[in-house]
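S.K.: Chains as they are written, first to last, in the working numbering: chain D, 14 to 308; chain Z, 16 to 542; chain C, 14 to 405.
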């Protein structure tokens, strides 16, 4: 046993330990053959958390989505822009199960087929959606809205005998803090301002602790200050959650991509991806300019 | 002495002649005694074909025959005549009326009918043959044979032949029965089929050969009748469908194009029917000569009456409830209560009589067991006309264009300068007017009363739900389909169960296809 | 956006706005919320109980007939009938006021419960009927020789009680399952409930169905061996009905105050959001639908021995639509409103049909129109608005 050999051996052992530590579920193996598929667990070993493969949706002859392919990585914050009618909302409808595509595949992680699940199931496995028009429960209070969104048994019997425990109370409290509605906890949600309702909806989304957030025009109607706060919030979520943000407000997109200029932005047009790249690349892309300015 | 002998000779000669007078015994036997004996006597006299017999039978039916002891009198115009001789005599004080029970009346009527068989008037003979279909038996056979022998008209002769066969079918002689069964195969009458089926019952006909022939004859008649039955179902289905179409068209406009649920739709129909009634009365009172054409005036009257009421409803209540369908439902239900009670106060709670004009009464006999009533044919034609004019109006006229525009995008239409409020009122009035037309049509085929509309509410809504909203085509197909389906099932299971099955069918259909048969596709359909 | 009907809860919260209490304690309040046994409700419940179970019996049975305080038998029967209707109105509020499902066919559940009780009462007549036979009169009239299969359990009171709950419940379950599963909503759903009750009514009108045809059941003599016509039996039934109404009211309050109730309101307000929050609306809707159907069935079963007759016209679409108007007049989504509405409308009906019978339908029709146009919050809403104006 020479000292060189011992050193080499220690190095090899450390490297192996490091490999094991970073290995993840599959033990560092790249091939997926023979891996166990676990029910309800989102498998992101390969990177993307959302796969959309050649999705086509047509309404009475009109193609809302035309061979759309999109991949969102786990922990990514993707911005999607595009003119009206490009198919952004339809794309979200497909992901959340509201609309069935005519062809194509949609997977959550590598193993969960979204096309086979119902809306509430998709919501419970970790995809949260914020609608274009803020939809909160108008006649319930802000507190009650958040309480309904708590991650808990969604069954009928459970809800009849439900009582809040301390931990859940704290969660709601901290969420109220996060969405700046602490003072309005007892207000009827219908009486909130437009921006506040957007925040409440985002809060409800976050209560479910989703792995993928779909945000359809989250800052529409918000003031500049609210828009800034929203950007901060999303940036704080990035990494632990994956976000897909559909927006028209370019200032907001700037704020979202400010920390990392290489962040991907996707441009949709007439139901398929027109361009994809960093914000700068996309803004200077001739095709994109043509589509937006209509030359 | 001479006189007596002469009388005897005369009477004997008369009896021998056998065709010109009733004897006293005969008359006595027919008027006095037990019903069974009397019936037998009447049958005998009828069979003999005596031509004085009809008068006597008629007298019996008119309750003009009296008896005293064993003398029989006929009282006419205050004078009493001896029943047998016809001579005028004094009516004894103790004369009693001859009472005829229902059964006796039937016997007498049958006897009268059978005698008519020998009448010189072909129409009378034809009528008599028809009457005899109902109550023919072996005793009438000689009469029928006699008539058959002298019958000159070919058609009547074949009918007599069938009649004869109908009697012979239960003859004691096997060959006669076989022959009768064979000849009956040519019949077109459902009654003959029943007769044959009766013979086929286990204890009626025992000879296998005859049974076989009976069955052949039954199937021959059955296939001839089957077409009549099938067409009959299709026709009544189409008739019901055309009524449903008229009822549902108005609803298709107000709900399909405007999104308004109108529970008072049935009452708008009722108003149309009552408008028809009023027009009828006006014609009866002031223009009796033109009564048959009252319907021509009633149609626009019904349309206007309902359209005005509809417009009033829209302006006062419904326009404030656009976008709130559940509230509209309740409010229009309230309006329907008010309308019904109003009609009750004005016209009374009972049904009112609306008569068909002469050219709409009766029907055309398409086949032996299929009569198509004129009024129903007229309604089918009317429904098609209304549909065509409505389709034209919606697709080609300016108003139709405005209605479509306002329905699809109200703010845009308003920006274009369309007076949306006015368009709403016109569209609603149009839908209501069509309901009025439906009411006018219904008045010709059914009863008119304050709750005329109630019977059609559920049906008309089912048509709209099934047909889908936004297009008239769906309403048309749904109405016709439901009408025919209902009638088909009725033949099977009876009216109530048929209705229930249709309702269940619709609920199940809506499961699979919530938007109905024809629906506006795309995202707007989810609203 | 339309005006929001305010719930009692939200208004209490509005009042607390200016104080701005520290977060933890204000939130801690919500922990205890599920069943609010605050003073107000306790007083109302106890006084109602007192009225029904103590004062009414005394006024009817003990106080002599001539006295001004005497509660006449007629009044007892009328109030009992209206209390049964109030239960239906309460059930309607649960599905319409809180869940947004307008049913225009709830009369069928009421009638089915009534028919179940009716069958038992018909058997209880025994041999005292017109034909002195073991079979009910109408069956003898139709020349039937034996009881049909669906009368199998009609001589057992316990089985009848079970049927009163099971038959409406089962029909509601099957109908609701298929209707909600196919996402039929709004007006279409209401129309289909009309069709359901209409079809059932047609079925019961037939003599062959074995439920007395268009005459239904009547001429009851006994219940559980006790004579029905006696004042003490009537009062007993009255008290039972009142207690049932009270019980259902408290049950409904508990239900509405729980998370279940909030999910229902969420379904009413934004069903798609509810789905995206992970709840299955079908289960919730079906549950409340069946609960409301069973409530109506029990109301029907209490109604029949007190009114003395049941026939298919109880299932007519018109009767079911009236239930909706009681709830709307009283005030949707308030629980006490429907009860008030039922008393108001039926009281008016009773008065009109005696004083001005031709005007009753005008009044009812006008009520429908007025409530939808001018009083969307009903009587309770009016009261609340007044109170708010007084405070302001």
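Where is the CB? At the ideal position from N, CA and C, for every residue including glycine. Keep in mind that this is a model prediction, so the values were computed, not measured.
1) Tell me the residue span of the alpha helix (DSSP H) that contains residue 133 of chain D.
2) Just reading off the beta strand (DSSP E) that residue 285 of chain D is part of, what are its end residues?
3) Would the region 235–251 of chain C count as touching the region 85–98 of chain C if we require 3 or more Cβ pairs under 8 angstroms?
4) Kindly indicate which three-state DSSP category residue 256 of chain D falls into: helix, strand or coil?
5) Could you name the residues of the region 107–134 of chain D whose beta carbon sits closer than 7 angstroms to any beta carbon of chain C, in the order they occur along the chain?
6) Do residue 281 of chain D and residue 99 of chain D have their C-beta atoms within less than 7 angstroms of each other?
7) Can we say the region 296–303 of chain C touches the region 164–180 of chain D, given the rule of at least three CB pairs closer than 8 angstroms?
8) What residues in the region 52–82 of chain Z have a beta carbon less than 8 angstroms from any beta carbon of chain C?
9) Per DSSP, residue 378 of chain Z forms a beta bridge with which residues?
10) Taking only beta-carbon atoms, is residue 46 of chain C less than 7 angstroms away from chain Z?
11) Contact criterion: CB-CB distance below 7 angstroms. Does residue 136 of chain C meet it with respect to chain Z?
12) Name, please, each residue of chain C whose Cβ falls closer than 7 angstroms to the Cβ of residue 175 of chain D.
13) So does the region 288–297 of chain D actually touch the region 118–133 of chain D, counting three or more Cβ pairs closer than 8 angstroms?
14) I'd like to know if the region 453–467 of chain Z and the region 260–267 of chain Z are in contact, where contact means that at least 3 CB-CB pairs between them fall below 8 angstroms.
15) Three Cβ pairs or more, each shorter than 8 angstroms: is that satisfied between the region 124–137 of chain C and the region 336–355 of chain C?
16) If we cut at 7 angstroms on Cβ distances, does residue 230 of chain D have a partner in chain C?
17) Please list the terminal residues of the continuous alpha helix (DSSP H) segment that includes residue 474 of chain Z.
18) Alpha helix (DSSP H) containing residue 403 of chain C: first to last residue?
19) Under 8 angstroms Cβ to Cβ from residue 165 of chain Z, same chain only, skipping five residues before and after it: list those, please.
20) With distances taken between CB atoms, is the gap from residue 320 of chain Z to residue 290 of chain Z smaller than 7 angstroms?
21) I'd like to check one pair, residue 529 of chain Z with residue 203 of chain C: are the Cβ atoms closer than 7 angstroms?
22) Quick one: what's got a C-beta closer than 6 angstroms to residue 214 of chain D's C-beta in the same chain, skipping five residues either side?
23) How would you call residue 471 of chain Z, buried or exposed, if buried means at least 16 neighbouring beta carbons within 10 angstroms?
24) Alpha carbon to alpha carbon, how far is residue 54 of chain D from residue 136 of chain D?
25) Quick one: using the 10 Å Cβ neighbour count with 16 as the cut-off for buried, is residue 324 of chain C buried or exposed?
26) Could you give the DSSP three-state label for residue 165 of chain C: helix, strand or coil?
27) Start and end of the beta strand (DSSP E) containing residue 117 of chain D?
28) So is residue 378 of chain C in contact with chain Z if we call contact Cβ pairs under 7 angstroms?
29) So residue 418 of chain Z and residue 381 of chain Z are in contact, right, with Cβ under 8 angstroms, and what is the actual spacing, rounded?
30) Examine chain D for any beta-carbon lying closer than 7 angstroms to the beta-carbon of residue 34 of chain C, and answer yes or no.
31) Just to confirm, are residue 67 of chain D and residue 110 of chain D a CB contact at a threshold of 7 angstroms?
32) List the endpoints of the continuous alpha helix (DSSP H) containing residue 175 of chain Z.
33) Which residue wins for smallest C-alpha separation from residue 288 of chain Z, given the options Z/461, Z/174, Z/67, Z/373?
34) Using a Cβ-Cβ distance cut-off of 7 angstroms, determine whether residue 391 of chain C contacts chain Z.
35) Measure the CB-CB distance between residue 275 of chain Z and residue 502 of chain Z and report whether it falls below 7 angstroms.
36) Helix, strand or coil for residue 114 of chain C per DSSP?
M.R.: Concretely, from the data shown:
1) Looking at the DSSP string, the run of the alpha helix (DSSP H) that includes residue 133 of chain D is 132–137.
2) 285–290
3) yes
4) Strand, per DSSP.
5) 109, 132, 133
6) yes
7) yes
8) Result list empty, no residue passes.
9) Z/388
10) Its pLDDT being 47, under 50, residue 46 of chain C is placed unreliably by the model, and nothing is read from it.
11) no
12) 271, 272
13) no
14) Yes, the region 453–467 of chain Z touches the region 260–267 of chain Z.
15) no
16) no
17) 469–482
18) 391–404
19) 133
20) yes
21) no
22) 143, 147, 149
23) buried
24) If I take the Cα positions, the gap works out to 14 angstroms.
25) Around the beta-carbon of residue 324 of chain C, 16 or more other beta-carbon atoms lie within 10 Å, marking it buried.
26) coil
27) Counting along the chain, the beta strand (DSSP E) containing residue 117 of chain D begins and ends at 116–121.
28) So yes, residue 378 of chain C belongs to the interface.
29) Not really, about 41 angstroms apart at Cβ, beyond 8 angstroms.
30) Confidence in residue 34 of chain C is poor, its pLDDT being 39 and thus under 50, which makes the residue's placement too unreliable to answer from.
31) It is not a contact, given that the beta carbons lie outside the stated cut-off.
32) Looking at the DSSP string, the run of the alpha helix (DSSP H) that includes residue 175 of chain Z is 169–183.
33) Z/461
34) It does not: the Cβ of residue 391 of chain C has no partner Cβ on chain Z nearer than 7 angstroms.
35) no
36) coil
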